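Chains as they are written, first to last, in our numbering: chain F, 1 to 308; chain S, 309 to 885. Beta carbons are placed, not taken as given, at the ideal position from N, Cα and C, and that holds for glycine. These figures come from a predicted structure and were not determined experimentally. Just below is one structure, and these are the notes that go with it.
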Amino acid sequence: MEAQTTALNQILYPFKLRFQLWGRNGLNFLRELWGQPSALLGAVLVALFVLVALFAPQISPHDPTRGKLRKQLIPPVWEEGGSPEFLLGTDVQGRDLLSRIIYGARISLLVGILSVSISALIGTALGALSGYYRGTLDTLISRFADLLLAFPFLIFAIGMMAFLGPGFTNLLLALTLKGWVVFFRLARGAIMAERTTEYVEAARVVGQSNPVIIVSEILPNIFHSILVLGTLRMGSMIIAEASLSFLGLGIQPPTPAWGSMVADGRDYLVTSWWIATLPGMAILILVLSINLFGEGLRDILDPRLKIE
Amino acid sequence: MFGNRKLAGLTIFLLITAMILAGCPAPTPVVIEVEKEVIVEKTVIETVVVEKEVAVEVVVTATPVVGPQKGGTLVIGLSADIATLDPADYRETTTETVLRNMFDGLVTRTSDGRVLLELAESATLVDETTWEFVLKKGVTFHNGEALTAEDVKFTFDRIISDNGIDYPEPHTSPRKGLISPLESVEIVDDYTVRLHLSAPFPVAMQMLVHQQIVPKDYFEEVGNEGFVKAPVGCGPFKFVEGSLSEQIVMERFDDYYGGADELPPVGPPPLDRVIFKILPEASTRVAALRTGEVNIIQKVPAHMIPLLATDPNVRLVSGPSTRPAWMEMNVNKPPFDDLRVRLAMNYAVDADTILETVLGGLGIVIPGSLSPYNNFADPTLEPYGYDADKALEMLAEAGWTDSDGDGFLDKEGEKFAFVVDVRPANKDRAEAVAGQLQELGIDASVRVWGDYSVLKPLMLDGERTAYVGDWGDSAFDPVGHFEAKWHSRVEGTGNGRGNFSGYSNPRVDELIEAGEVEPDVEKRHELYDEAQQIVYEAVPAVFLFLPDIVEACTVNTQKWTVAADGRLNMHDVWLSP
Chain F
1 MEAQTTALNQ
11 ILYPFKLRFQ
21 LWGRNGLNFL
31 RELWGQPSAL
41 LGAVLVALFV
51 LVALFAPQIS
61 PHDPTRGKLR
71 KQLIPPVWEE
81 GGSPEFLLGT
91 DVQGRDLLSR
101 IIYGARISLL
111 VGILSVSISA
121 LIGTALGALS
131 GYYRGTLDTL
141 ISRFADLLLA
151 FPFLIFAIGM
161 MAFLGPGFTN
171 LLLALTLKGW
181 VVFFRLARGA
191 IMAERTTEYV
201 EAARVVGQSN
211 PVIIVSEILP
221 NIFHSILVLG
231 TLRMGSMIIA
241 EASLSFLGLG
251 IQPPTPAWGS
261 MVADGRDYLV
271 TSWWIATLPG
281 MAILILVLSI
291 NLFGEGLRDI
301 LDPRLKIE
Chain S
309 MFGNRKLAGL
319 TIFLLITAMI
329 LAGCPAPTPV
339 VIEVEKEVIV
349 EKTVIETVVV
359 EKEVAVEVVV
369 TATPVVGPQK
379 GGTLVIGLSA
389 DIATLDPADY
399 RETTTETVLR
409 NMFDGLVTRT
419 SDGRVLLELA
429 ESATLVDETT
439 WEFVLKKGVT
449 FHNGEALTAE
459 DVKFTFDRII
469 SDNGIDYPEP
479 HTSPRKGLIS
489 PLESVEIVDD
499 YTVRLHLSAP
509 FPVAMQMLVH
519 QQIVPKDYFE
529 EVGNEGFVKA
539 PVGCGPFKFV
549 EGSLSEQIVM
559 ERFDDYYGGA
569 DELPPVGPPP
579 LDRVIFKILP
589 EASTRVAALR
599 TGEVNIIQKV
609 PAHMIPLLAT
619 DPNVRLVSGP
629 STRPAWMEMN
639 VNKPPFDDLR
649 VRLAMNYAVD
659 ADTILETVLG
669 GLGIVIPGSL
679 SPYNNFADPT
689 LEPYGYDADK
699 ALEMLAEAGW
709 TDSDGDGFLD
719 KEGEKFAFVV
729 DVRPANKDRA
739 EAVAGQLQEL
749 GIDASVRVWG
759 DYSVLKPLML
769 DGERTAYVGD
779 WGDSAFDPVG
789 HFEAKWHSRV
799 EGTGNGRGNF
809 SGYSNPRVDE
819 LIEAGEVEPD
829 VEKRHELYDE
839 AQQIVYEAVP
849 AVFLFLPDIV
859 EACTVNTQKW
869 TVAADGRLNM
879 HDVWLSP
């Protein structure tokens, strides 16, 4: 029991070190972030979206899925005919657009975070195996990854969704089935470079087993790259989800998703512009903030990544 | 970087959209005034549908132009793709709308539903099961070939024989079911044919409207595939070029015999060219009409009517359609295998409100399975009407109550949840129905199916739960409609080909079968009244409404009106300068 704990501690120790380092540098990090107004703005907005998503039931003024048909197509409050009851207006079903956008943030963020996390997990694990052990396994996985890379991302996802049918789980599946490849390539390349460095050699000489070397020596050193890539990928994943929902292949009505809200409002663009435009703005702002934040993160954490 | 470019593109797109929208005027009280005008216009148009003479007068007074102007190209914005150019190989309205400008049939129908002779000079019922048609002489196809009895026989043989169609692979014509009692066609002489039926078929003339004649010699020469690529008929326009998903271009057939004698003016059409353009998106169609890029558009969405009504260059035309809408419920699967639950659904859905809001009030609520304009609709039926308390009461009786207080009804620990299937065109009304059921604590969600050919077999096999859809009765007769929706499904026949609720009642089957062959109108009324009564009481569907057809044209489009069966007949239409 104690031996196990020690072994675990041994594995976790380098992570701990790094986090301690980060903690110590936390102030530094914030100062650097402060030096990049765009990244800071991104961070604040992302945080705001996360808060909105977390407290959706508390802050949304109406039920996002239930509308009153008699109150359909009310314009936003600043337009003529707007009502303070519905700040951003209502859609054709008489549902409050503000509440739908608030709840839509949940779907977008959840899909973004989950699909990126799962992709990163799978991609890094396979990349580590490939990059460290090389050989036939590497060839097999790499060729498979190349095969997947040959498909354009969205076309692949559309095909998968058409095959699997709509729904949240299928959406995640379709996004991660191809999403892991970029993480795989990053992790594989990084580990191939790291495995010949002195500290890995040293660990090997001390008698560390290969899995321990991968997990506790190499991974902490490439973790920041994966974190940065993950942040940057999140934007694309959110756009992919919105695109699929726009095409009617993602989240099904009446669950509010920004992409399907844009699709709903498309036909009403000439007469009721707010139905499509406001969720579109939400997608724009969220993805923009994530990308601004991600790029700031990259500049701070890993200047080497600048050339992708 | 890729992400950045995409981002920049998105930003620019949204900014431009925002700018355009900022320039759009907000709806003003003027629009509301105009909405009243719409209602006035609508009443006028309803008169149009009932009495054609009145319509002509209205058009003439509206524009002081004397006679039809020759020439010009007219563009029509269609709301859906065309399935094929083979007049024997489709079963939906858009294709028929296009093809019947190139192909004529033995008989045709006016926009208000009367049947007139077209290629036939006379039609006689020789005995109960034999129709004799004498063809007009001197009718030629677009390739110069003369129309004879051979062509008529060839056309019908292709439709009624098994695997009569060779392209893209051998299959039986989907139009066979429209004339299922037809057994054989006999050539009496060059210009006389007899149609032999297996049983009396009182709606023969109404159903024959949907069968268009193709030239035998040309067809045999080029084959089925060649014919689909370069179709030849004897209609007012001949095929020039086009693709099924973009546009079909036709030009005037100068040797046109003139069509139905009773539909003057008779002769070649005034227009040089007609282009059927496929514009599935409503806002695109409306924009194209307002810029004058197209002359006529199908399916004007309700919320755009005020916008078009204020446009001095646009005329709105509407009239009752032939497509009653319901939410069909699978009667063989829980929760809808319980009559009380189905009845409760009829009380739970407020069809009036959906009609008034989502459909802009254009249409009427229907009490049962048939359109009230159907010649055999039972006038004694009354809509169940919205009554939420009654609905909840009946659901409680059936065991559905909110016992765990989560806001949703449940029974034996299971939540009342189901999925409403719908095609993209009907999404708004399906969501409205689902929304109203949500209000009562029923967790109804909507699934939009882009591909009907995937959904339809699933529904026919009883694998789905509910479907918000519609079914056309362009013959204004239960035949073609009633047996498709409410007869038990019989493989290999037309019976039950659209029975998505899986409804089956031996008495209804019997009544439908009797109604199809009963020549006496009074007796047919009795048969169909009883059948409607039974279906009304068994509620295999939530009976919703009969929406109006709303179309629009540019003001210079003359002699065109909306047809109840959705047909766009361009023969007499002309463009004033």
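Chain F contact residues for residue i, given Cβ-Cβ distances below 9 angstroms
{"i": "Glu589/S", "result": "Arg266, Asp267"}
{"i": "Gly749/S", "result": "Near Gly749/S there are no residues of chain F at all, since even the closest Cβ is about 11 angstroms away, more than 9 angstroms."}
{"i": "Gly743/S", "result": "Thr65, Arg66, Gly67, Lys68, Leu69, Gln93, Gly94, Arg95, Pro254"}
In DSSP terms, what residue i is bridged to
{"i": "Cys861/S", "result": "Ile604/S, Arg623/S"}
{"i": "Val756/S", "result": "Val730/S"}
{"i": "Met558/S", "result": "Phe547/S, Val582/S"}
{"i": "Gly777/S", "result": "Trp634/S"}
{"i": "Ala725/S", "result": "Asp751/S"}
{"i": "Ala849/S", "result": "Glu636/S"}
{"i": "Thr90/F", "result": "Asp96/F"}
Cβ-Cβ distance between residue i and residue j below 7 angstroms
{"i": "His62/F", "j": "Ser117/F", "result": "no"}
{"i": "Asp729/S", "j": "Trp757/S", "result": "yes"}
{"i": "Gln72/F", "j": "Val52/F", "result": "no"}
{"i": "Gly131/F", "j": "Arg188/F", "result": "yes"}
{"i": "Val548/S", "j": "Glu559/S", "result": "yes"}
{"i": "Ala428/S", "j": "Leu407/S", "result": "no"}
{"i": "Tyr564/S", "j": "Pro578/S", "result": "no"}
{"i": "Ser849/S", "j": "Trp708/S", "result": "Going by the sequence as given, residue 849/S is Ala instead of Ser. No, they are not a contact pair."}
{"i": "Glu859/S", "j": "Val625/S", "result": "yes"}
{"i": "Leu854/S", "j": "Ser679/S", "result": "yes"}
{"i": "Thr256/S", "j": "Val522/S", "result": "Residue 256/S cannot be examined here, being either before or after the span of chain S that is shown, 309 to 885."}
{"i": "Gly627/S", "j": "Ile857/S", "result": "yes"}
Residue i: CB within 6 angstroms of a non-hydrogen atom of the ligand FMN
{"i": "Phe55/F", "result": "Absence of the ligand FMN from the depicted structure is noted, as is the absence of any ligand whatsoever, leaving it without description."}
Neighbour list for residue i in chain F, Cβ cutoff strictly below 7 angstroms
{"i": "Ala696/S", "result": "Here the premise fails: no neighbours, minimum Cβ distance about 14 angstroms."}
{"i": "Asp736/S", "result": "Val92"}
{"i": "Ile467/S", "result": "Those do not exist, as Ile467/S stays about 34 angstroms from chain F at its closest Cβ, beyond 7 angstroms."}
{"i": "Thr418/S", "result": "Under the 7 angstroms cutoff, chain F gives no residues; its nearest Cβ is about 32 angstroms from Thr418/S."}
{"i": "Glu739/S", "result": "Gln93, Pro253, Pro254"}
Where residue i meets chain S, residues with beta-carbon distance less than 7 angstroms
{"i": "Gly230/F", "result": "Ordered by position in chain S, no residue passes the 7 angstroms Cβ test against Gly230/F, which lies about 13 angstroms from the chain."}
{"i": "Thr271/F", "result": "His611, Met612, Leu615"}
{"i": "Thr65/F", "result": "Gln746"}
{"i": "Gln252/F", "result": "Ser753, Val754, Arg755"}
{"i": "Leu173/F", "result": "Near Leu173/F there are no residues of chain S at all, since even the closest Cβ is about 18 angstroms away, more than 7 angstroms."}
Chain-order list of residues whose beta-carbon lies under 7 angstroms from that of residue i (same chain, five-residue window excluded)
{"i": "Lys793/S", "result": "Ser677, Trp779, Gly806, Asn807"}
{"i": "Val367/S", "result": "With a pLDDT of only 37 at Val367/S, under the threshold of 50, the placement of this residue in the model should not be trusted; the figure read from the coordinates follows. Here the set comprises Gln866, Lys867."}
{"i": "Ala822/S", "result": "Leu835"}
Interface partners of residue i on chain F, CB under 8 angstroms
{"i": "Arg772/S", "result": "What Arg772/S touches in chain F: nothing, since even the nearest Cβ is about 13 angstroms away."}
{"i": "Val594/S", "result": "Val270"}
Chain S residues whose Cβ lies nearer than 8 angstroms to that of residue i
{"i": "Leu319/F", "result": "As displayed, chain F neither begins before 1 nor continues past 308, which places residue 319/F out of reach and without an answer."}
{"i": "Pro166/F", "result": "Arg755"}
{"i": "Gly248/F", "result": "Pro732, Val756, Gly758"}
{"i": "Leu73/F", "result": "His611"}
Chain-order list of residues whose beta-carbon lies under 6 angstroms from that of residue i (same chain, five-residue window excluded)
{"i": "His450/S", "result": "Val540, Lys546, Phe561"}
{"i": "Val863/S", "result": "Asn621, Arg623"}
{"i": "Ser289/F", "result": "Gly42, Leu45, Val46"}
{"i": "Glu440/S", "result": "Thr432, Val434, Arg502"}
{"i": "Arg593/S", "result": "Gly385, Leu587, Ile605"}
{"i": "Ser506/S", "result": "Pro489, Glu491"}
{"i": "Phe509/S", "result": "Pro489"}
{"i": "Gly810/S", "result": "Asn638, Val639, Asn640, Gly770"}
{"i": "Tyr103/F", "result": "Ala56, Pro64, Pro256"}
{"i": "Thr665/S", "result": "none"}
Within chain S, the residues that residue i reaches when beta carbons sit closer than 9 angstroms
{"i": "Arg70/F", "result": "Thr661, Glu664, Thr665"}
8 angstroms CB neighbourhood of residue i in its chain, flanking five on each side removed
{"i": "Arg266/F", "result": "Ala276"}
{"i": "Leu137/F", "result": "Leu129, Ser130"}
- 4 or more residues per run - each alpha helix (DSSP H) lying fully within the stretch 372 to 407 of chain S: Entirely contained in the stretch 372 to 407 of chain S, the alpha helix (DSSP H) runs reaching 4 residues are, in chain order, 401 to 407.
- What are the start and end residues of each continuous alpha helix (DSSP H) run of 4 or more residues lying completely inside the stretch 249 to 289 of chain F, in chain order? With a minimum length of 4 residues, the unbroken runs of alpha helix (DSSP H) contained wholly in the stretch 249 to 289 of chain F fall at 258 to 266.
- Message: Just to confirm the assignment: which complete alpha helix (DSSP H) runs, minimum length 4, are found wholly within the stretch 501 to 552 of chain S?
- Response: Counting whole runs of 4 or more residues, the stretch 501 to 552 of chain S contains the alpha helix (DSSP H) stretches 512 to 516, 524 to 537.
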